[in-house]
C-alpha cells in the first residue's frame, strides 16, 4: 500500500498536561495487561468463545480516545478490548463479560465482540467487519439533528476498508457533513491476508475521493496518534464534517486466540519481532522520562497498580455467577 | 395535522400518519431514496420535506446498507428513524444492518440499547416489475427474533399500525403492498393507533376460516362472496402483524370452523403460511376436520409477462377451489 | 390303525392346555401306563399316561403353545405301521365332547373391507365421537380416502340403530378392536356382557370375542342337551351333528335378512279383512265361460296393493343415504317358496296392467320362479313385496322388509269365522293382513291408512273402479 499525504509528526510533549500523559500511559498499560491476561486465561480453557487481542496496538486506541469526552461515541471492532478500555471501560465488567457472567456489561449475552456501555458512549464492539460504520455515522447524524455536541469515532481495520458499508456511510457522512471520525487501524493484515494482497490504491485516497480529509500516522507513536486525532475530532466537532485518520500499527498476537501457533504461514517471526521493537508503551514511557515529565519509579508504580487492577478484575470475573436461565428470554424486544 | 375522518387511499393514510407522527415527535427522521424532493417513488412521502425540512427528511444516495446502518446508529442515540427501502427486494442489500445489527443489539447488550426504528418497504407482485422488484419476503424477517413485522391491508390499518410501529421501541419492518396504495377505505381522523400483534376479523363464517395477509385480504373477501352463493360461509381474518402473531385468535377460529386456509403472497414453501398452519395445527388439532391448507405464490421467481405473473399470485378462484375441496 | 393321543380335559373348566414337556420321544416304544408327558392346565401341571402300547409319534409339543382340549398331540402306532401323515391343519378331534367344537361365527353383515387396518379419521371426528360416547370407527367416512369426519360421526349418531348411552347406568368402559366390536355387535353382545365374559383384558380382540361367543353357544347347546354335558371325562363317543355348507341362496337370504334387521326401523300393523266379497268376486269370475285364466288371490292382492300404493305413494319409496326416492312405477314382488329357498319374482308396473294381463303374467312368472327358472332381471327392481303364508294356515306374522323397499304385506289364510255384522252374528270369510313398514320413511298413521285402504279395496271391490 502506498503512502499517502501528510504523515503528521507528533505534537510537542510539553504542550500536553502531565495528567493527560499519565492517563495515556496508564490506559496503554491497562490494555496491555488486560490483553495479556486474556491470553493467559483463554489459554487455560476457561474463557469460552473467541478473543481477538489488541496487543501491540494500544497507542491507537489511547491516542484517539484521550481526546474524547464520555458523551462522545465510539464504535469498535471484533478486536475491541483496546477501544473499550481506552474509552474508560472497567476491566472488571469487561472480564466478566468475556467469561459470560451476569456481572458483565451485557449480562453475559454479548461477549467479547459486543460490549456496550452507553454511559461511556461506547456503542459497541461489533462482530461484523465494518459493522460499526453505520452505527457511528448514525450516531453522528443524531448528534447533528439533535444539535448535541457529540462526535462519533469509528474504529476499523484495514480489512473493513474494503467493505461496502464504509463507502456507503462515509459518503453520506461527507454529504451531510456529519461529525464522525474514521480511524483506520492498519495492522497490515486483514485476518491472514496482507493489505498488499487485498487493498488497491491508498486508504486515505479513498477517503479523500469522497471529500473527507485524510492523514496517515505512525500508529505505534501515541503522541502522533494523539495529535492526529485531536485535529480530526476538533474538525468534526466544529461541524466541518468527517475526517479520516490512518494509523499504521501491528498486532503481536494472531488474528484470534485460536491461531497462536501461527499455523497459517502468513507472516514470519522475524516480522513480529521487528514490530515488537516498536512497542508503543516503553517507547512512550521512555520519551516521558527523557522529556523529564516523569520517572521510572512512577511508571513502575503505574504498572503495579494496573497489574493489581487486572488481577482483581479477573478474580472478580471468575467468582461472578453465570446469568440466570430466565435471562435467555429477556431483551429480545423492548 | 389531523384531517376529518374520510374515505381515502392507503397512500393517503400512510402519508397522514407520517405527517402526524413527525409533527408530534421531533426525534422522528425520515430517510430513503427520493423520499424528500420527489415525495417518494410511490408518492407516499409527499409534502414531508416541505413540512419538516432537510434535517428531518433525507434524500439518501442509493446505499441501502448505509441508510439502514445510519438509522441503527441514530436510533441507538436518541432519534427514531423511519427508513424507506424502495422495493422490499432491496432489503437484501441491508440484510446485515437489519438482521445482525438492528435485530440483535438490544439483546446482545442486555437491554442497554434500544433501536426504535421503522423500515418501510413496498412488496408484492402484480406490477409487472419482474423477479427483482416483486417479492414478498416477510417470512425472512418474521424469522428473526428481535424484529417485528407488520403488514397493513386497509387504509385504517395502515394509519393505525404505522403510528404504533413508529412509537414501538423495537425495529419494525413495515411492509406495504405496492399494488394497494390506491386501495380505498375509511381513514379515522386524529391520533388513531392500532395495537401491534392483534388480528382483525373482517368477516364471520362458520364453515372455514381463511387467514390472509396484506393484500390477500381482497381475494379472500371476493372468494367469500363467491362461496356464499353456494351456501358456504367463510371467516376471513387478517393477522395485520405477522410477528408477533395473534396466534390465539387464529387458533380459536380454526377450532370453531374445523377448516383453515392460509393465504400469503410470499413463495409458498418455507413461508408465512407454513408457520401459521403449524401453529393452528398445534393449537386446534382436535377440532380440525381437514389438514390446514396453504396458498402462497408459486415457488418460481416472479415472471415478467403479465399472463405468467398472474399465474403466480394467489387469487379468489384458487381460494374458492381450496375451500370447496376442504369441505367436500 | 394308529391310536390318537389328544390333549386331555383335565378339569371341567379347561379348554386349552400347554404341553410342559414330553418324557418320551418320537420313535420310542411305549407301554400302556408309561408317563408320556406333562401338561399344564389352567389349574395344575399333570402327568399323562399312555393308554395303548406301541411306537410313539409326537405331533405337538411345548413350543406349540396352548392346544385345544381334544386336539391330537401324538399317535401311538403298531410296530409295523407306517407313520401317520399329518393333515395340513390339525383339527380338534370329532370324538371329543361338545365343549371343544368350534361354533361357526356369523360373519359380520357390514361390508367393510378394512377389517384390521386403522380407519382414517379426522381429529374433529374423534373428538365428537368421544363427546357423543359412540365408537367413531363404526361411522362411514365420506372424506378423502374414506376418512371419517365430524359430520360422518354426527350422521352415524343420528341414524344408527345403536342406542347412544347417555344414561344413569354406569358405563362399562372396555376397549375393543374395531373387528371385535363389529363381531360383538352382530351377535348382540353389549359391553357389560363382554366385560363379564372376558374379564381383566385391557384390549379385547377378535379371537376373544369369538371365543366368548363360542362359549355362549356351547352353554345354550348344553342347556338344550343336558345328557351331553354330563358326559364322563375321557374318550367319549356322542353322535356328531350333520354339517352342510350354507348354499349360495341361503347365504344370500341370510345376509339380506340381517341387513334388513340391522338398518330398518320395522313396525308391523295387522288388520282383519272381511274377504267375503273378494271370495265371491273370484268365484264369479272363475265360473264365467269367458274366463280363460282366473286370477289367483295373489293376483287380486297384487292389483289391490298396487292401487293402494298409487293412492299412498309414500309407501312406494326407498331410502338412499339421506334421500327418499319416490319410485315412478309400482313393481310388486311376490314371495315364492322354492326348494332352494325364498325367491321374489317381480311384476313390473302393476298399475298399468289389466287384471287379465296380470293373471297371465303372474301365473307364468310364479310357476317359473317356483322351478328356480326366473331370470335375474325378474328377481330385482321391486318396490313392494307381498308374501302369502295363508296356505300354511298362518294368520298373523311379522314379515321382514325386502331391502331397499319401504314395506311388505304378509297375507294370512282365508278362514270362515263367526263375526259381528250390524250387531248380528254372521259367518264371514276373514283374512288377516300383516303390514311391516319402515318407520324411518313412513309414520304409523300414514302406514295404517295405507293398510286400511287395502282392507277397503278387499272388502269393497267396486272401489277398484275409483
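Residue numbers (this note's numbering), protein chains in the order written: chain S, 4 to 337; chain W, 840 to 1167; chain P, 11 to 476.
We treat Cβ as the ideally placed atom computed from N, Cα and C, and that holds for glycine.
Report back the beta-carbon spacing between residue i and residue j to the nearest angstrom; my notes put them in contact at under 8 Å.
{"i": "residue 852(W)", "j": "residue 997(W)", "result": "4 Å"}
{"i": "residue 312(P)", "j": "residue 360(P)", "result": "6 Å"}
{"i": "residue 27(P)", "j": "residue 50(P)", "result": "6 Å"}
{"i": "residue 143(S)", "j": "residue 183(S)", "result": "4 Å"}
{"i": "residue 71(S)", "j": "residue 215(S)", "result": "About 19 Å separates the two Cβ atoms, so there is no contact after all."}
{"i": "residue 961(W)", "j": "residue 1105(W)", "result": "Wrong, their Cβ atoms sit about 15 Å apart, outside the cutoff."}
{"i": "residue 1063(W)", "j": "residue 1096(W)", "result": "At roughly 13 Å, the Cβ-Cβ gap does not stay under 8 Å, so residue 1063(W) and residue 1096(W) are not in contact."}
{"i": "residue 378(P)", "j": "residue 369(P)", "result": "Actually they are not in contact, since the Cβ atoms of residue 378(P) and residue 369(P) sit about 15 Å apart, beyond 8 Å."}
{"i": "residue 1054(W)", "j": "residue 992(W)", "result": "6 Å"}
{"i": "residue 67(S)", "j": "residue 156(S)", "result": "6 Å"}
{"i": "residue 957(W)", "j": "residue 921(W)", "result": "5 Å"}
Counting only the same chain and skipping the five closest in sequence on each side, list residues whose C-beta sits under 6 Å from that of residue i.
{"i": "residue 223(S)", "result": "62, 252, 281, 283"}
{"i": "residue 897(W)", "result": "870"}
{"i": "residue 178(S)", "result": "none"}
{"i": "residue 281(P)", "result": "443, 461, 465"}
{"i": "residue 102(P)", "result": "Low confidence applies to residue 102(P): its pLDDT is 49, below 50, so where it sits in the model is not reliable, and the reading given next is rough at best. 78, 80, 81, 110."}
{"i": "residue 131(S)", "result": "none"}
{"i": "residue 206(S)", "result": "164, 187, 249"}
{"i": "residue 138(S)", "result": "78, 126"}
Is residue i buried or exposed, if buried means 16 or more other CB atoms sit within 10 Å of its CB?
{"i": "residue 86(P)", "result": "buried"}
{"i": "residue 36(S)", "result": "buried"}
{"i": "residue 980(W)", "result": "buried"}
{"i": "residue 147(P)", "result": "buried"}
{"i": "residue 249(P)", "result": "exposed"}
{"i": "residue 976(W)", "result": "buried"}
{"i": "residue 936(W)", "result": "buried"}
{"i": "residue 258(S)", "result": "buried"}
{"i": "residue 426(P)", "result": "exposed"}
{"i": "residue 18(S)", "result": "exposed"}
{"i": "residue 845(W)", "result": "exposed"}
{"i": "residue 90(P)", "result": "exposed"}
{"i": "residue 172(P)", "result": "Per-residue confidence for residue 172(P) stands at a pLDDT of 49, beneath the threshold of 50, marking its modelled position as unreliable; the derived number appears in the next sentence. By the 10 Å Cβ count, residue 172(P) comes out exposed."}
{"i": "residue 107(P)", "result": "Note that residue 107(P) scores 40 on pLDDT, short of 50, meaning its location in the model is unreliable; the coordinates nonetheless yield the value given after this. Classification for residue 107(P): buried."}
{"i": "residue 1023(W)", "result": "exposed"}
Could you work out which residues of chain S lie near residue i, taking near to mean beta carbons separated by less than 8 Å?
{"i": "residue 963(W)", "result": "Under the 8 Å cutoff, chain S gives no residues; its nearest Cβ is about 26 Å from residue 963(W)."}
{"i": "residue 951(W)", "result": "108, 109, 119, 120, 121"}
Can you list, in chain order, the residues of its chain with a C-beta nearer than 7 Å to that of residue i? Leave out the 5 residues immediately preceding and following it.
{"i": "residue 1051(W)", "result": "1059, 1075, 1077, 1102"}
{"i": "residue 317(S)", "result": "40, 44, 98"}
{"i": "residue 874(W)", "result": "884, 896, 898, 923"}
{"i": "residue 110(S)", "result": "326, 330"}
{"i": "residue 1033(W)", "result": "996, 999, 1000, 1003"}
{"i": "residue 310(P)", "result": "288, 292"}
{"i": "residue 31(P)", "result": "47, 48, 72"}
{"i": "residue 62(P)", "result": "13, 42, 86"}
Under 7 Å Cβ-Cβ, which residues of chain P neighbour residue i?
{"i": "residue 1097(W)", "result": "134, 160"}
{"i": "residue 1129(W)", "result": "132"}
Whose Cβ in chain P lies nearer than 9 Å to the Cβ of residue i?
{"i": "residue 1069(W)", "result": "Here the premise fails: no neighbours, minimum Cβ distance about 17 Å."}
Could you list which residues in chain W have their beta carbon closer than 9 Å to that of residue i, in chain order?
{"i": "residue 174(S)", "result": "900, 902, 905"}
{"i": "residue 137(P)", "result": "1125, 1126"}
Interface residues of chain S around residue i at Cβ under 7 Å?
{"i": "residue 845(W)", "result": "Those do not exist, as residue 845(W) stays about 33 Å from chain S at its closest Cβ, beyond 7 Å."}
{"i": "residue 946(W)", "result": "112, 334, 335"}
What residues from chain W crowd round residue i, counting only those whose CB sits closer than 8 Å?
{"i": "residue 115(S)", "result": "Chain W residues near residue 115(S): none, gap ~11 Å exceeds 8 Å."}
Kindly list the residues whose CB is nearer than 8 Å to the CB of residue i, restricted to its own chain and excluding five residues on each side of it in sequence; keep chain order.
{"i": "residue 187(P)", "result": "126, 213, 214, 215, 216"}
Closer than 9 Å by beta-carbon distance: list the chain S residues that pair up with residue i, in chain order.
{"i": "residue 883(W)", "result": "The premise fails here: residue 883(W) is roughly 22 Å from chain S at the closest Cβ pair, so nothing lies under 9 Å."}
{"i": "residue 911(W)", "result": "137, 138, 141"}
Exercise. Are there three or more Cβ pairs, one per stretch, closer than 8 Å when the segment 1010-1017 of chain W is compared with the segment 1065-1072 of chain W?
Worked result: No, because fewer than three Cβ pairs between the segment 1010-1017 of chain W and the segment 1065-1072 of chain W fall closer than 8 Å, the two stretches do not touch.
Problem set entry | Given 8 Å, three or more beta-carbon pairs between the segment 336-354 of chain P and the segment 396-413 of chain P | Of all C-beta pairs linking the segment 336-354 of chain P to the segment 396-413 of chain P, three or more are shorter than 8 Å, placing the two stretches in contact.
Exercise. If contact means a Cβ-Cβ distance below 7 Å, which residues of the segment 159-173 of chain S contact chain B?
Worked result: As a matter of chain content, chain B is missing from the structure shown, whose protein chains are S, W and P.
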